[in-house]
Every structure is written in C-alpha cells, then in structure tokens.
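Residue numbers (my numbering): 592 to 814.
Have a look at the structure below, then the notes.
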C-alpha cells in the first residue's frame, strides 16, 4: 500500500467518524428537545356542593292545640265531640287542627270524604267543615250566615242552618273537596271545625246503632 493510499483511507475514516459524531450529537439534541416538549407542570381545581333533601311532616290536634300527635289510618285521633248519643236534629261540633313540624316545608291540605262502617246510619247524618281563624271558637256560630268572626273558608257545605240539605253534605257523600294551605316550620295551625248532625227524619230502626266515620287530611308539600 502506498503512503498516499494510506493517507486517503485515514482521511475517509476521520470523515466517517465526524459524520457519526454529528448524527449522535443531533440525536442527543433531539432527545433533549423531545423531553422538554413532553414534560409539563400539572395542577387542578375542584368544587363541591352538599345537597340535603327537604322535609315535610305534619301533626294534628283534637284539643285546639293543647297537644299534638302523629295520626295514622291505623291509629287515628278521636274527635272530641260532646258526649251523648245522636238523636234526630242533634248537632255536634269538634275541632281538628293540622300543622307542620319544625323544619318542614309548607304545603296544602286536602280533606277526603269520610269512610264509615254503617251506611244506613251514616246516610241519616250530615256534616260541614270550615277552616276558621285564630281566636275564634269551633262552634255553631262559625256556620251561620254573617258569622263574626267569619270562617276563613268553607271546606264542606255552605253557611246557613245546620242539617239542611242545602247547606250540608251526607256523611256517605264522596263529593270532591277543596284544598287549603298549611304553613311551614311549625307555623300557625290550619284550624278545621267539624259539624255533624242527624236528620230530623232519621228512621226509628237506627236507634242504638253506631257508626265510625274516619276523615283523612292528605298533606302535600309545596315543592
């Protein structure tokens, strides 16, 4: 091999090494550049809210608010009608108050037609119901025309004489009844006054019989 050939071959090796070194250097630079591009700082923000279901609870009183209780279909409260049997033209009155419990929503009350276990005796009796204001007394005066204080509203029947077919409804009637309001959070009670009378022409065969009428007041929340 001549000296010139040896020198050319050495020069070729230097050039190849220079190219390889350049390629490797470029790869390192690209690698570093790629790592810098992919890396990033990360952070997040979060918000939360707690939701609690509202409450709607009612309770009732049969002694004008002296005491309150939960009443159910299985264990209804017994109205405090005056003692003694019903005779033709007898009229009796009793209060029934409903209110919400503490923290309860407001709502509406819907009195349902009564159920009874003696259609014959129930058919000889009539009833009316008014909602009456605070300070008034549950009694005959509330049902008369021109009553003062006047009832807040008639739920069943109209003003006038007790026991009249024109002003009262048969105890066996299934007529739809209007709704009324009840305040929230154990506010002012919704005061109902019930009037029950026996027809003047009640049959003699009804003597000694009894009937249990059960009224339901369906309560619904406003929302």
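We treat Cβ as the ideally placed atom computed from N, Cα and C, and that holds for glycine.
Residue range of the beta strand (DSSP E) that includes residue i
i           : result
residue 762 : Segment: none, residue 762 is in no beta strand (DSSP E) and carries neither H nor E.
residue 700 : 698 to 702
residue 685 : 682 to 691
residue 810 : 808 to 812
residue 722 : 716 to 722
residue 796 : Unbroken run through residue 796: none, as it is neither H nor E.
residue 786 : 781 to 789
residue 770 : 770 to 773
residue 650 : 649 to 652
residue 747 : 744 to 747
Own chain, CB closer than 6 Å to residue i, minus 5 neighbours either side, in chain order
i           : result
residue 659 : 650, 652
residue 677 : 789
residue 744 : 722
residue 729 : 684, 686, 784
residue 808 : 689, 700, 702
residue 799 : none
Sub-7 Å separation of residue i and residue j beta-carbons
i           : j           : result
residue 737 : residue 810 : no
residue 717 : residue 801 : no
residue 720 : residue 746 : yes
residue 740 : residue 750 : no
residue 648 : residue 692 : yes
residue 760 : residue 748 : yes
residue 793 : residue 711 : no
residue 791 : residue 680 : yes
Other residues of its chain near residue i: CB distance less than 7 Å, five sequence neighbours each side excluded
i           : result
residue 732 : 738
residue 655 : 686, 688
residue 796 : none
residue 683 : 672, 673, 787
residue 742 : 721, 722, 723, 733
residue 636 : none
residue 776 : 691, 693, 694, 695
residue 752 : 758
residue 668 : 651, 653, 660, 662
residue 670 : 653, 685, 687, 785
Close-in-space but distant-in-sequence residues of the same chain around residue i (CB under 8 Å, 5 per side omitted)
i           : result
residue 645 : 696, 812, 814
residue 707 : 713, 762, 763, 802, 803, 804, 805
residue 623 : Confidence at residue 623 is low in this model, with a pLDDT of 47, below 50, so its placement is unreliable and no value can be given for it.
residue 765 : 704
residue 725 : 779, 782
residue 664 : 805, 807
Contact belief for residue i with residue j at Cβ below 8 Å, rounded distance in angstroms
i           : j           : result
residue 770 : residue 781 : Actually they are not in contact, since the Cβ atoms of residue 770 and residue 781 sit about 11 Å apart, beyond 8 Å.
Extent of the continuous alpha helix (DSSP H) to which residue i belongs
i           : result
residue 712 : 710 to 713
contact_flag[the stretch 748 to 758, the stretch 685 to 702] where n(CB pairs < 8 Å) is 3 or more: no
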